[in-house]
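Only one structure is covered here, and it is reproduced in the block below.
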Amino acid sequence: WLIDDAQISRDDNDPFHILLLDETFSNDKITIEYVASTCTYVLSMPYDEAAELAAHAEKEGFSCLGTWGYQECIRLGKQLQNRDLVCRVVPYCEGGDRAWQARNMRDEVWEI
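Per the working numbering, residue 15 is the first one in the sequence shown, and the count goes up by one each step.
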């Protein structure tokens, strides 16, 4: 497990992902439209991509909403949870970057 590997760092600026879980949709009042609007508001994500990721999470169990530094992931994740989205912050893995995040992340430097 990565968490057990002392060579893997977990610094505040290390990249992490926010995963949206299908449990979000166990509440009948939570719709794909609501989740997409919430992601657009909290994450500044384009609505069409947010709707696609919400639908994917509902059908497949989860989707990766994006990649940020650890502290930013925690902050954003709490905002999503406060709006009834079930999400988790998990360590970075290759392939989770999103083109729409490039404008927000261009100044961040991560050593991977």
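Yeah, the Cβ is synthetic: ideal placement off N, Cα and C, and Gly gets one too. Note that this is a predicted model, so its numbers are computed, not measured.
The DSSP-derived three-state label of S40 is helix. Non-local C-beta neighbours of T54 in its own chain, meaning closer than 8 Å and more than five positions away in sequence, comprise P60, Y61 and A64, ordered along the chain. Every beta strand (DSSP E) stretch that sits fully inside the stretch 64-93 and reaches 3 residues is listed by chain position as 76-83. For C107, no alpha helix (DSSP H) run applies, since DSSP gives it neither H nor E. Between the C-alpha atoms of L90 and E74 there is a straight-line separation of about 23 Å. Taking each of G83, L67 and L79 in turn and checking the Cα distance to N27, the smallest one comes out for G83. Following the DSSP letters along the chain, one finds L99 in no alpha helix (DSSP H), marked with neither H nor E. Under DSSP, P29 forms a beta bridge with G83. C87 and V103 have their C-alpha atoms roughly 6 Å apart. A Cβ-Cβ distance of about 6 Å is found for the pair C78 and L33, placing them in contact under the 8 Å criterion.
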